[in-house]
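Just so we're aligned: 187 in the UniProt record's numbering is position 187 of the sequence shown, and the numbers increase by one with no gaps anywhere.
Following: one structure in structure tokens, then a few remarks.
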Amino acid sequence: MLIDVDDTPAILRRHHILTAYRPLHKSTLYYLSTAFIPNNEMLNFWTHFLPAIYILSNYLYPEIISSNGPQFNLFILYTGIIILFICSSFSHLLHSKCYSSHVYWLLIDFFGISYFSICTGLQRFLNSKSQGLWYDIGYVPCLLIASLGLQFLCTSYLFVFKNFWRGRIPIKIISSLIVALWIYVPLLERYFDKTLSTEDVALRLHTKAFGWLLLSGVFMGSKIPERFVHGKFDIIGYSHQLFHCCIFMVTWNLCEGAYIDNKITSKITVSSNMKEIFISVMLICILVIYHLIIRIMMKKTYSEKLDYSSSEFVFVNNCCFYTQCHVPTKNKKD
1 MLIDVDDTPA
11 ILRRHHILTA
21 YRPLHKSTLY
31 YLSTAFIPNN
41 EMLNFWTHFL
51 PAIYILSNYL
61 YPEIISSNGP
71 QFNLFILYTG
81 IIILFICSSF
91 SHLLHSKCYS
101 SHVYWLLIDF
111 FGISYFSICT
121 GLQRFLNSKS
131 QGLWYDIGYV
141 PCLLIASLGL
151 QFLCTSYLFV
161 FKNFWRGRIP
171 IKIISSLIVA
181 LWIYVPLLER
191 YFDKTLSTED
201 VALRLHTKAF
211 GWLLLSGVFM
221 GSKIPERFVH
231 GKFDIIGYSH
241 QLFHCCIFMV
251 TWNLCEGAYI
261 DNKITSKITV
271 SSNMKEIFIS
281 VMLICILVIY
291 HLIIRIMMKK
301 TYSEKLDYSS
311 SEFVFVNNCC
321 FYTQCHVPTK
331 NKKD
């Protein structure tokens with residue numbers, strides 16, 4: 001049985017979506033089963049889970065079984081994209097159980113976005129030619145500061161500590177835009193290179209990826225089409241689903257562009273084994289940092305019981321993502 005917006009805590013409500021919300025405090029199996037039951041998160045799951053399978057079967061798997069073995073640059077990019085899609089898809093599927101579950105899975109979603117940004121930046125850096133000493137030694141540290149520090153840590157902190165603060169969303173958008181622009185720094189030399197005698201097909205794909213990214217932001221921010229006909233796109237066709245489709249187009253263009261780049265530049269920029277080992281160790285350390293940050297944020301989440309205004313719901317905070325919560329929500333009386 002699904003519920004309407006009036007029976008849904010404010011933190012779980014979507015703008016202009018009036019029906020097809022899932023009830024709280026059900027078993028994890030129930031929320032997994034909602035991938036096959038019409039509700040307002042069903043297509044959000046599939047529009048990222050199916051792309052994960054597509055990238056795995058059409059890019060990562062062929063790369064792994066190729067006769068020359070997987071190319072390190074492409075392996076990083078493909079795994080980053082798959083992690084992005086898996087984290088996002090299951091975040092949509094499992095975030096509605098209780099407040100702590102909501103926070104946990106949104107943090108997992110933020111992690112997927114940030115890690116994808118790092119993997120994309122690393123792939124482009126490894127495929128690029130030297131643009132000077134400052135670029136060679138400074139690009140990766142700045143990428144980590146922007147994505148891990150600004151994009152993930154800042155977004156996570158504001159989500160947990162300042163969820164209803166009006167400035168949270170603008171800061172999230174600005175930090176994401178900064179990271180998106182920084183990822184394109186390794187391509188700047190090619191954008192301004194006027195000596196090319198032939199069209200740079202891969203660069204055109206990277207440009208298309210950025211165009212799709214901007215379009216995804218339009219859907220995310222405008223809430224079109226549901227803002228014009230409230231309740232008519234509650235299950236199929238609302239803006240977040242269109243945003244997901246745009247993100248798939250972003251990643252498809254990235255994969256195609258990176259594949260072409262790798263064929264062209266592999267003869268020019270050969271990654272040493274030491275560099276690959278260093279980056280692999282660095283990524284493992286980064287994953288540990290993500291884990292520690294999420295643990296800190298969840299510790300803060302579990303230590304609070306949140307009460308909202310009388311027009312909203314008491315959203316009981318006493319269960320985690322893998323347990324069953326039997327505590328019902330109730331209206332808070334004046």
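Quick reminder that beta carbons are idealized off the backbone N, C-alpha and C, glycines included.
Per-residue burial, residue i [other beta carbons within 10 Å of its own, 16 or more giving buried]
i           : result
Met-297     : buried
Gly-221     : exposed
Asn-127     : buried
Arg-22      : buried
Leu-29      : exposed
Thr-195     : exposed
Cys-246     : buried
Ile-37      : exposed
Pro-9       : buried
Ile-169     : exposed
Pro-141     : exposed
Gln-131     : exposed
His-244     : buried
His-230     : exposed
Met-42      : buried
Gly-112     : buried
Ser-33      : exposed
Ile-81      : buried
Pro-51      : buried
Asn-68      : exposed
Asp-4       : exposed
Ile-17      : buried
His-291     : exposed
Cys-87      : buried
residue 360 : Because residue 360 is not part of the residues shown, which for the chain are 1 to 334, the question remains open.
Trp-165     : exposed
Val-103     : buried
Cys-255     : buried
Ala-20      : buried
Beta carbon of residue i nearer than 8 angstroms to that of residue j
i       : j       : result
Asn-253 : Gln-71  : no
His-92  : Asn-44  : yes
Leu-187 : Arg-124 : yes
Ser-117 : Val-179 : yes
Thr-120 : Ile-183 : yes
Tyr-78  : Tyr-59  : yes
His-15  : Lys-300 : no
Ser-147 : Ser-114 : yes
Val-185 : Tyr-139 : yes
Tyr-31  : Leu-94  : yes
Lys-97  : His-206 : no
Ser-175 : Thr-198 : no
Unbroken alpha helix (DSSP H) run spanning residue i, endpoints
i       : result
Glu-63  : 61-64
Glu-276 : 273-302
Pro-51  : 42-55
Gly-167 : Counting along the chain, Gly-167 falls outside any alpha helix (DSSP H), and DSSP gives it neither H nor E.
Phe-152 : Careful: Phe-152 lies outside any alpha helix (DSSP H) and carries neither H nor E.
Leu-188 : 188-191
Three-state secondary structure (DSSP) of residue i
i       : result
Tyr-21  : strand
Ile-3   : strand
Trp-182 : helix
Trp-105 : helix
Cys-98  : coil
Thr-34  : helix
Asp-261 : helix
Arg-13  : coil
Thr-8   : coil
Glu-256 : helix
Asp-136 : helix
Asn-39  : coil
Asn-127 : helix
Lys-26  : coil
Asn-73  : helix
Asn-68  : coil
Thr-79  : helix
Thr-195 : coil
Ile-174 : helix
Residue i Cβ short of 7 angstroms to the ligand ATP heavy atom set
i       : result
Leu-144 : The ligand content of the structure shown is nil, which means the ligand ATP is not present either.
Quiz item: Where are the alpha helix (DSSP H) runs, 4 residues long or more, that stay fully inside the stretch 197-253, in chain order?
Solution: 201-222
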